[in-house]
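In this note's numbering, the protein residues as written are 5 to 349.
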């Protein structure tokens, strides 16, 4: 059984991840890992942080001479903006001289300021109430989506392992705001390559143009947009997961993994919520058999999973991302210190 843990704050020195249970003798190239991190930073309309960070993986353990050795893999992704935050995010109290330097430097003074206005849509207030913090910075830093960079590094290792078994994982965007469709299906390798070159990761170039226009308009309006993306898995054999226990069901495990990404508010497999509109005779996937193919389904409404177990068809899921709650204009909030109405975003 493989598992992983991540550590690190958004503006801390680095993000760290440890992978336990990864098999030995798998060839690993640094370029493959960094390529996945670069993909994370792509996308039209991304924030200024992406221009600062050019993420690269540093392997601290578990890999030797381009091959995994069976011991825990530890990877590190440095935060290039650390120099501006090294004092604000220092693990110990500042000395008197350092406090003077902070007050004299407008950049350091800005990042050092205690944050007391919780931003709606973020973990700020709920986290502060849970842990009793007066400074929201202690919640903001770990609650940031920056943590997903470490998960992408872990996922890069997972993709290399899956590739050894002929299993392919792909993704694309089907909707941004009101532009797009909700139709989902696995892509060919050629289609996936086309998506990877799209600034909005859309398959249809005409739809991509309209998505870009919508993003530009939202920026002019000082707004943000949400969207829907598809993840598919092909080449997966039947039998992964289990019907025996709740925590071994494959769809449950995938749902937790996707829903734990900051900003994800909904998830469906196959036809998902549309299944509720169909009679049972149309909702379920008929079983067929051919000697050269074995058992298969004539359609894939289930999204490749039945009873918590993969059935041999492509896994197909869609996830809904809410609009990023960090807004230019902010939203009404209440300051923790003064209890007065403020705007935070």
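Quick reminder that beta carbons are idealized off the backbone N, C-alpha and C, glycines included.
What residue range is occupied by the uninterrupted beta strand (DSSP E) comprising residue i?
i	result
residue 350	Coverage of the chain is limited to positions 5 through 349, which leaves residue 350 absent and any answer about it impossible.
residue 80	77-82
residue 209	It is not in any beta strand (DSSP E) - residue 209 instead sits in the alpha helix (DSSP H) that spans 209-224.
residue 24	18-24
residue 345	345-348
residue 337	335-338
residue 270	268-273
residue 231	231-238
residue 244	Where residue 244 is concerned, there is no enclosing beta strand (DSSP E), given that its DSSP letter is neither H nor E.
residue 30	Unbroken run through residue 30: none, as it is neither H nor E.
residue 117	Counting along the chain, residue 117 falls outside any beta strand (DSSP E), and DSSP gives it neither H nor E.
residue 61	61-65
residue 228	First-last for residue 228: undefined, no H or E at that position.
residue 7	7-11
residue 293	291-294
residue 298	298-301
I'd like the span of the alpha helix (DSSP H) that includes residue i, first residue to last.
i	result
residue 44	34-44
residue 259	254-263
residue 92	Looking at the DSSP string, residue 92 is not in any alpha helix (DSSP H), and its letter there is neither H nor E.
residue 284	284-287
Which class does residue i belong to by DSSP, given the choice of helix, strand or coil?
i	result
residue 202	coil
residue 127	coil
residue 72	strand
residue 279	helix
Count the other C-beta atoms from every protein chain shown that fall within 10 angstroms of the C-beta of residue i, then say buried if there are 16 or more, exposed otherwise.
i	result
residue 41	buried
residue 292	exposed
residue 89	buried
residue 205	buried
residue 179	buried
residue 255	buried
residue 68	exposed
residue 202	buried
residue 117	exposed
*Could you pull out every unbroken beta strand (DSSP E) segment of at least 3 residues lying fully inside the region 129-199, listed in chain order?*
With a minimum length of 3 residues, the continuous beta strand (DSSP E) runs that stay inside the region 129-199 are 172-180.
_Closer than 8 angstroms is the cut-off here; do at least three beta carbon pairs connect the region 20-32 with the region 75-85?_
Three or more pairs of CB atoms, one per stretch, sit closer than 8 angstroms, so the region 20-32 contacts the region 75-85.
*How do the region 324-334 and the region 291-303 stand: do at least 3 beta-carbon pairs fall below 8 angstroms, yes or no?*
Short answer: they don't touch.
*asked:* Whether or not the region 220-233 and the region 273-281 are in contact is what I'm after, with contact meaning three or more pairs of Cβ atoms, one per stretch, closer than 8 angstroms; do they touch?
replied: Taking 8 angstroms as the limit for Cβ pairs, the verdict is that the region 220-233 does not touch the region 273-281.
*asked:* Within 8 angstroms, do at least three Cβ pairs link the region 206-222 to the region 176-193?
replied: Judged by Cβ distances under 8 angstroms, the region 176-193 makes contact with the region 206-222, as three or more pairs qualify.
*When the Cβ atoms of the region 145-163 are set against those of the region 5-14, are three or more pairs found closer than 8 angstroms?*
Touching, yes.
*asked:* Assess contact between the region 122-140 and the region 22-38, defined as three or more Cβ pairs (one per stretch) separated by less than 8 angstroms. Is contact present?
replied: The answer is no - the region 22-38 does not touch the region 122-140, with fewer than three Cβ pairs under 8 angstroms.
*asked:* So, does the region 339-347 touch the region 250-269, judging by three or more C-beta pairs under 8 angstroms?
replied: The region 339-347 vs the region 250-269: no contact.
*Three or more C-beta pairs closer than 8 angstroms, one from the region 241-250 and one from the region 305-320: is that the case here?*
The region 241-250 vs the region 305-320: in contact.
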